[in-house]
Amino acid sequence: MSHRAAILILFSLFFCDVAHAFLGDALFLPPHAGYQQSETEHFVIVYPSVYATEAREAARFLEDAHAVLSQAFRYQPGHKCRIILADNNDFANGVTSAVGLQGIVLYLAAPDPYSSIGEYDHWLRSLIVHEYSHYLTLEQTHGVFEFARYLFGNLLFPNHLWPTWIAEGMAVWAESVYTKQGRGHGTYYTTLTRDAVARGRLGRSGFLPFSSLTGPYPDFPFGEAHYFAGYAMIDELV
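Heads up, our numbering is the position in the sequence shown plus 7, with the first residue counted as 1.
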């Protein structure tokens, strides 16, 4: 066995394990929720039966998002993206993984109005734009990884190894451009920027150093740093 083949097999096993942990048992989805399934042109939507209305609404938002985001990111998936609507906790968030074609989990709980994501025109629409942006960017493969994907299936996605500021910055940029609100237009990000200017910190080496944006950020604004700084850089580049 060549070294190249051995490396590809190791990567495949690694991503198999990541796939199981990421969207598998860790979500704690209740098995007794009476799940239903519906399909649109580009999506398969799984949802608890009591959320049929929300599923229809999500279907509309998803197709609207696909129409604009597939053009923005210049990518058309060759399959239907799987969507799960979940209500098993009060955590306002979504989870996305292209590994194993797992797709997207959308938590239906709305965020606290005082959080950084508390300003939106419609929470489900904003969440869908953000998470589907992740899916379209993370699922893309080219060159040798496209060939490896053909050989080993949907396991090797190098974009999953992006620094957090790139992945989240692109998604925040999308939600700010393709919804009527988004964090890029929210008062929280505006406040962070104005405060940095007022304190004379903006542009200085000690303010959100680039070297710190590839992992956990221990100082204020903590976990929001990757989203805030990533959005600012992506917005400037675009």
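We put the beta carbon where it would ideally sit given N, CA and C, even for glycine.
On a CA-only basis, which of D71, Q43, A74 is nearest T60? Give me that one, please. The count along the sequence shown starts at 1 and reaches residue 60 at position 53. Of the listed residues, the one whose Cα sits closest to T60 is Q43.
Give every residue of the same chain whose Cβ lies closer than 6 Å to the Cβ of E138, excluding the five residues on either side of it in the sequence, and list them in chain order. For this step, residue 138 is matched to residue 131 along the sequence shown. Residues of the same chain with a CB within less than 6 Å of the CB of E138, apart from the 5 flanking positions on each side, are G101, T103, I111 in chain order.
Ordered along the chain, which non-local residues of its own chain (more than five positions away) have a Cβ less than 7 Å from that of G41? Walking along the sequence shown from the start, residue 41 turns up at place 34. Excluding sequence positions up to five before and after G41, its CB lies within less than 7 Å of the CB of P55, S56, all in the same chain and listed in chain order.
Indicate whether at least one CB of chain B lies closer than 8 Å to the CB of Y224. Here chain B cannot be found, since the structure has a single protein chain.
For L215, I'd like the list of residues in its chain whose CB is within less than 7 Å of its CB, leaving aside the five on either flank, ordered along the chain. One-based indexing of the sequence shown puts residue 215 at position 208. Beyond the five residues adjoining it in sequence on each side, L215 comes within less than 7 Å, by CB distance, of A232, A236 in the same chain, given in chain order.
Taking F164 as the reference, which of P170, W172, A155, T171 has the closest Cα? Within the sequence shown, the letter at position 157 stands for residue 164. When only C-alpha atoms are compared, the closest one is A155.
Out of P228, D128, W172, L162, state which residue places its alpha-carbon closest to the alpha-carbon of D202. Numbered from its first residue, the sequence shown carries residue 202 at position 195. Closest option to D202, Cα to Cα, is P228.
Three-state secondary structure (DSSP) at F214? Counting from 1 along the sequence shown, the entry for residue 214 is found at position 207. Coil at F214, not helix or strand.
Going by DSSP in three states, R201 sits in which element: helix, strand or coil? Start at 1 with the first residue of the sequence shown, and residue 201 comes out as number 194. Helix, per DSSP.
Cβ pair I124, R63 closer than 8 Å: Numbered from its first residue, the sequence shown carries residue 124 at position 117. Numbered from its first residue, the sequence shown carries residue 63 at position 56. Going by beta carbons, I124 and R63 fall outside the 8 Å limit.
Boundaries of the alpha helix (DSSP H) in which F159 is found, first to last residue: Residue numbering aside, residue 159 sits at position 152 when the sequence shown is read from its first letter. In this chain, the alpha helix (DSSP H) harbouring F159 covers 151 to 159.
Pull up the DSSP beta-bridge partners for P55, would you. Within the sequence shown, residue 55 is the residue found at index 48, counting from 1. The partner list for P55 (beta bridge, DSSP) reads Y42.
Would you call the region 115 to 129 in contact with the region 145 to 162, where contact means no fewer than 3 C-beta pairs closer than 8 Å? Verdict: no, contact absent.
Would you list the residues sitting across from R89 in a DSSP beta bridge? Position 82 of the sequence shown, counted from the first residue, corresponds to residue 89. Beta-bridge analysis with DSSP links R89 to V51.
Taking the beta carbon of A205 as the centre, do at least 16 other beta carbons fall within 10 Å, making it buried, or is it exposed? Taking the first residue of the sequence shown as 1, we reach residue 205 at position 198. A205 should be labelled exposed.
Best match in V53, D71, F35 for proximity to V136 [C-alpha to C-alpha]: On the sequence shown, position 129 is the one that residue 136 refers to. The alpha carbon of V136 has as its nearest neighbour, out of V53, D71, F35, the alpha carbon of D71.
Near D97, what residues of its chain come up, given a Cβ to Cβ distance below 8 Å and the 5 sequence neighbours on each side ignored? As a first step, residue 97 must be located in the sequence shown, where it is residue number 90. Taken in chain order, the residues that qualify are A116.
Considering only residues of the same chain and omitting the five flanking positions on each side of Q188, which have a CB-CB separation below 6 Å? For the purposes of this step, residue 188 is taken as the residue at position 181 of the sequence shown. Excluding sequence positions up to five before and after Q188, its CB lies within less than 6 Å of the CB of E126, Y127, D128, all in the same chain and listed in chain order.
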